Amino acid sequence: MRNLKIIKNVKLKKSSKFLILLLTSILVGTANAAIFYSLTMQPQVTVSTPVIKFSEAPDHPGGTVNDAWCCLTAKSYPNATLTYEKAVYLNNTDSENSHSFRLRHVGITPANGYSVVGNWTSIKFLVYNSSSYVFSLNYTVSLTDWILEPSGGVTGYYSIPASTGWWIRLETLSPATATEGKVCNIQIAVDVE
Amino acid sequence: MQKYNVYAQKMHQSTWLVVTLFVLLGFLFSNVDGNTYFALVTEPRTTVSSPPVVLQTGTAGNSTVYLNGTSAKISAVAPSTLTNYDYVLKVVNNVSDLWKIRLKAYSQSNIGRLNNCTIYFHNASDGFSGQVYVVNGNYTQQTGSWYDLPASPAERYIAVTLQASNSEVSYVNVYLEILIHDKTTYAQYVLTFEFT
């Protein structure tokens, strides 16, 4: 208490006061400065093929197939089911690890609400392994709308073993009244974990 | 008493500090544990096309071929004596591709009365190929073997041999499967056989 009184009684010049204030501010600023440090990241991006990739299958209906993208130019007949048993292969090229993937609807034209949708009855994508059916993503038509199954257009994830090839079976069906030349474009993502 | 309260307050603060640290560490680890994934894209394009192989009506029994020639109904009387209907339907190839065809029975009703029912293909060059057999009310063969359908102009005939024990009605529903040569791509046409 006595010390405080002594300090209080010390007479300082204006410039000294300013200097003390300045030094105190610098001290406070330094003390309050954020502590930080930086790590260094050196990303190296190499062009490589995906571990799960497409390849042409015996019943490929036409269109380009490359590792990460494939186009299937299929047909549908009025009142007849057309089946492309092995439309495209999905190969897990990882020789050591299994990987999970799913089918996810991205887009379709003609869109819901247009009468031209009535030119199809169903378009089905069924995934098979070497011995049996595994899962599917189906588009069926109700009047002028596409009904996706599973609803939401997203399947579950399924694990494909290391160094294994599965395939997609494509089934198309149009009603007897379908008009020749009508085209339906679908985009499906194959999400790989 | 006051001393204890101060300690309790300090304890409380340190507990919060520890909890906060754990929460922050939790965020840190979850970021480190993030998934790596990628998406391939497939773009199927489906065009409505005219069928390359079509059905045409036969010369025996009564056959109705529906729009586009991809489905048909065939009616024939099944008498008490063995009767042959040659031919009830014609399969016509309109394109230059080669095909293989077969019949596959997938459903039926009241076939118990059919003592004998044979549905078969034939033509002048390849001869007879039995596809679906019903003997004494039971299938003895539901799926036939593949039969060649050459490039256009080419026709193959579907014929039936029938015998029944009474005058009721039987139905045999059959797929005509049309396979692209050397592939496993095939179309299925629905044929309904009505035997009265």
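Protein sequences, first through last, are from chains X and F.
First residue of the first sequence? That's 1 in the working numbering, and the numbers climb one at a time after it.
First residue of the second sequence? That's 1001 in the working numbering, and the numbers climb one at a time after it.
From the three backbone atoms N, C-alpha and C, an ideal C-beta is built for every residue, glycine too.
Note that this is a predicted model, so its numbers are computed, not measured.
According to DSSP, Arg-102(X) shares a beta bridge with Asp-191(X). Within 7 Å of the CB of Tyr-1189(F), the CB atoms of chain X belong to Ala-80, in sequence order along the chain. In this structure, the alpha-carbon of Ile-1101(F) lies about 20 Å from that of Ser-1049(F).
Under the 8 Å criterion on CB atoms, Lys-1104(F) is classed as non-interfacial with respect to chain X. Under a 10 Å Cβ-count criterion, Pro-78(X) is classified as buried, with 16 or more other Cβ atoms of the shown protein chains found around its own Cβ. Linking Val-51(X) to Leu-148(X) through their CA atoms gives a straight-line distance of about 28 Å. Counting along the chain, Ile-1180(F) sits inside the beta strand (DSSP E) bounded by residues 1170-1180. An exposed status is given to Trp-1146(F), since fewer than 16 other beta-carbon atoms sit within 10 Å of its beta-carbon.
Under DSSP, the beta-bridge partners assigned to Asn-1116(F) are Val-1135(F) and Gln-1163(F). Residue state for Trp-146(X) is assigned as strand, using DSSP reduced to three classes.
For Phe-1121(F), the closest of Tyr-1106(F), Val-1088(F), Val-1095(F) and Asn-1115(F) by C-alpha to C-alpha distance is Val-1088(F). The residue from Ser-1080(F), Ser-1096(F) and Thr-1064(F) with its alpha-carbon nearest to that of Asn-1116(F) is Ser-1080(F).
Interface residue (Cβ-Cβ distance to chain X less than 8 Å): Phe-1038(F) is classified as such.
Look at the stretch 1152-1175 of chain F: the residues with a C-beta under 9 Å from a C-beta of chain X are Tyr-1175.
Looking only at Gly-1130(F), Ser-1109(F) and Gly-1058(F), the smallest Cα-Cα distance to Tyr-1085(F) is reached by Gly-1058(F). Sequence-distant partners of Arg-104(X) (beyond 5 residues in either direction) whose C-beta falls short of 6 Å from its own C-beta, in its chain, are Val-154, Ala-189 and Asp-191. About 30 Å separates the beta carbons of Val-1041(F) and Gln-42(X), which is beyond the 8 Å limit, so they are not a contact pair. Cβ atoms of Gly-1130(F) and Gln-1142(F) stay farther apart than 8 Å, at about 12 Å. Taking a beta-carbon distance threshold of 8 Å, Tyr-77(X) counts as an interface residue toward chain F. Within chain X, no C-beta atom comes nearer than 9 Å to that of Val-1092(F); the closest sits roughly 14 Å away. When DSSP states are grouped into helix, strand and coil, Gly-118(X) belongs to the helix group.
Rounded to the nearest whole angstrom, the CA to CA distance from Val-183(X) to Arg-1156(F) is 32 Å. Counting C-beta pairs closer than 8 Å gives fewer than three between the stretch 50-70 of chain X and the stretch 1060-1073 of chain F, which falls short of the contact rule. Bridge pairing for Phe-54(X): Leu-90(X) [DSSP]. The CB of Ala-189(X) comes closer than 9 Å to the CB of Ala-1039, Leu-1040, Val-1041 and Thr-1042 in chain F, given here in chain order. The distance from the Cβ of Asn-92(X) to that of His-99(X) is about 6 Å, consistent with a contact at the 8 Å cut-off.
Residues of the stretch 1059-1087 of chain F that bring their beta carbon within less than 7 Å of a beta carbon in chain X comprise Tyr-1066, Leu-1067, Asn-1068, Thr-1070 and Ser-1071, in sequence order. Using beta-carbon distances, Asn-92(X) does not count as an interface residue toward chain F, since no partner is under 8 Å.
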